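Same order as they appear, the protein sequences are chains A and B. For the numbering used here, add 1 to where a residue sits in the first sequence, where the first one is 1. For the numbering used here, add 1 to where a residue sits in the second sequence, where the first one is 1.
Protein chains: 2
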Amino acid sequence: MKGERTRQVILDHAVNLASVEGLEGLTIGRLASELKMSKSGLFAHFGSKEELQLAAIEAASFRFIDVVVMPALKKPRGYPRLVALCKSWLNYVQHSVFPGGCFFAAASFEFDGRPGIVRDAVAKQMSDWMGALERAIRMARDEGHIDPKVEPAQLAFELNAFFFGANFSFNLQHDKKAFERAKKAITRRLEGIRISHAETRKRRGS
Amino acid sequence: MKGERTRQVILDHAVNLASVEGLEGLTIGRLASELKMSKSGLFAHFGSKEELQLAAIEAASFRFIDVVVMPALKKPRGYPRLVALCKSWLNYVQHSVFPGGCFFAAASFEFDGRPGIVRDAVAKQMSDWMGALERAIRMARDEGHIDPKVEPAQLAFELNAFFFGANFSFNLQHDKKAFERAKKAITRRLEGIRISHAETRKRRGS
DNA sequence: CCTACCGATCGGTAGG
DNA sequence: CCTACCGATCGGTAGG
């Protein structure tokens, strides 16, 4: 129906605006005027600013999954998928999928000092993402592609830190070497724990 | 004089408030009511919200230098000072020197998608900090404490990413292992490029 | 989805 | 440093 389509148009714009102005800086008045709607007409779709924020977080997560996670899932599980996930994250920031930089990095640092259900929703999205990253690492380990002593949560922490670092260097510092640096850091870390094909076969005893 | 003292009290509070609510979320009205001053009396110290934001950034930088940079400078240049800098950064977040988490990490992600002089001031503070980190690395290299092939800017990028990662895990995720993870990541990276005392003497030909 | 409105708060000013 | 304001905008409501 039409109401649902309008809602999607609103949310798409809300997500872009929030990535620049923050989830608190996102205002119903500005959103309405940019979309040439009345404030109350737009407001009626959500019922409160908090609901709008929660809906924006959900919409941003769909976009993130679409652009970062899904393409990587086409790669075979193990080392190739893990590398694909890292590459598509860096691409996602490089192509400014959200105009103000990574929506979730911004939201994480905006809400990390405040309580509330918006913060909880941001934290949930981030731990879902860290969980996905961890699973990709665990699979690579179970496939015998990386050192079995690797702790998935530790490596996920480090990779995510490099992603945040790339987002920071690129968007705040406008450093052209941001992605080169992040790639170098990630590659060194992953190559350091990689097990060669020959070694993988040997370990499997095949 | 008394005006200057009042100004410091205001800025001290402004910095704390901004670390939680963001530099845009910092409002003159709330600041005034928490300090039991009139809005206009407080306002007169700065002349505009933008000037208040710039003054808060400067005050935050003094606090940061005091707590993170100065103590590390007491250590001998080279590897010990580099390690001290990393440790005091993690301590700084662990002890919540700013109640809402690292002021500069928050400000970086808040302003990374917007133009203006506040953004420029945040970017300047961050590149000053990255510069200090780079210098500490370069000294360690020049002292023969770490592999001469290390690129200071690359390593500074990586260490800073781990700091942001620790801030994220600790403040948003309330992960008790945040600092353990960051320490492990930093230690592995630094130990990997470290040159032993014996080796340092040999390379110097002494 | 709209117009018309509400009280509260925003940054900022006048005048002292 | 204050009181007393200003226009603009905030989130939200009434009624259609």
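Virtual Cβ for every residue (Gly too), placed ideally from N, Cα, C. Computed from a prediction, not measured in an experiment: that's the story for all the values here.
Any C-beta of chain B under 8 Å from that of residue i
{"i": "alanine 162 of chain A", "result": "yes"}
{"i": "arginine 136 of chain A", "result": "no"}
{"i": "lysine 50 of chain A", "result": "no"}
{"i": "asparagine 172 of chain A", "result": "yes"}
{"i": "serine 207 of chain A", "result": "Any reading at serine 207 of chain A must be qualified, since the residue scores a pLDDT of 49, below 50, and its modelled position is unreliable; no value is offered."}
{"i": "serine 1 of chain A", "result": "Beyond the ends of chain A as shown, which are 2 and 207, falls residue 1 of chain A; an answer cannot be given."}
{"i": "valine 68 of chain A", "result": "no"}
{"i": "phenylalanine 112 of chain A", "result": "yes"}
{"i": "proline 149 of chain A", "result": "no"}
{"i": "glutamate 144 of chain A", "result": "no"}
{"i": "alanine 106 of chain A", "result": "yes"}
{"i": "alanine 57 of chain A", "result": "no"}
Assigned secondary structure, residue i (DSSP; H/G/I helix, E/B strand, else coil)
{"i": "isoleucine 196 of chain B", "result": "coil"}
{"i": "leucine 36 of chain A", "result": "coil"}
{"i": "histidine 14 of chain B", "result": "helix"}
{"i": "threonine 28 of chain B", "result": "coil"}
{"i": "arginine 6 of chain B", "result": "helix"}
{"i": "cysteine 87 of chain B", "result": "helix"}
{"i": "proline 72 of chain A", "result": "helix"}
{"i": "aspartate 176 of chain A", "result": "coil"}
{"i": "phenylalanine 104 of chain A", "result": "helix"}
{"i": "phenylalanine 63 of chain A", "result": "helix"}
{"i": "serine 109 of chain A", "result": "helix"}
Whole-angstrom C-beta distance between residue j and residue i, which should lie under 8 Å
{"i": "glutamate 25 of chain B", "j": "glycine 26 of chain A", "result": "6 Å"}
{"i": "isoleucine 196 of chain B", "j": "aspartate 148 of chain B", "result": "7 Å"}
{"i": "serine 20 of chain B", "j": "glycine 101 of chain B", "result": "4 Å"}
{"i": "proline 1 of chain B", "j": "glutamate 181 of chain B", "result": "Shown here, chain B extends from 2 to 207; a query on residue 1 of chain B therefore has no answer."}
{"i": "asparagine 161 of chain B", "j": "glycine 166 of chain A", "result": "6 Å"}
{"i": "valine 123 of chain B", "j": "alanine 106 of chain B", "result": "With 8 Å as the limit, valine 123 of chain B and alanine 106 of chain B do not qualify as a contact, their Cβ atoms being about 10 Å apart."}
{"i": "isoleucine 138 of chain A", "j": "alanine 157 of chain A", "result": "6 Å"}
{"i": "phenylalanine 169 of chain A", "j": "alanine 183 of chain A", "result": "Wrong, their Cβ atoms sit about 10 Å apart, outside the cutoff."}
{"i": "histidine 146 of chain A", "j": "tyrosine 80 of chain A", "result": "4 Å"}
C-beta neighbour in chain A for residue i, strict 8 Å
{"i": "phenylalanine 65 of chain B", "result": "no"}
{"i": "alanine 19 of chain B", "result": "no"}
{"i": "proline 153 of chain B", "result": "no"}
{"i": "lysine 184 of chain B", "result": "no"}
{"i": "arginine 202 of chain B", "result": "no"}
{"i": "proline 116 of chain B", "result": "no"}
{"i": "glycine 30 of chain B", "result": "no"}
{"i": "glycine 23 of chain B", "result": "yes"}
{"i": "methionine 127 of chain B", "result": "yes"}
{"i": "glutamate 159 of chain B", "result": "yes"}
Cβ-heavy atom distance, residue i to the ligand FAD, below 7 Å
{"i": "serine 34 of chain A", "result": "For the ligand FAD, the structure offers nothing, since it holds no ligand at all."}
- [ ] Taking 8 Å as the threshold, find out whether the region 73-80 of chain A comes into contact with the region 31-40 of chain A through three or more Cβ pairs.
- [x] no
Task: Ordered list of alpha helix (DSSP H) runs contained in the region 124-174 of chain B, each at least 4 residues - done: 153-172
Task: Inter-stretch contact (C-beta, 8 Å, three-pair minimum) for the region 51-63 of chain B and the region 7-18 of chain B - done: yes
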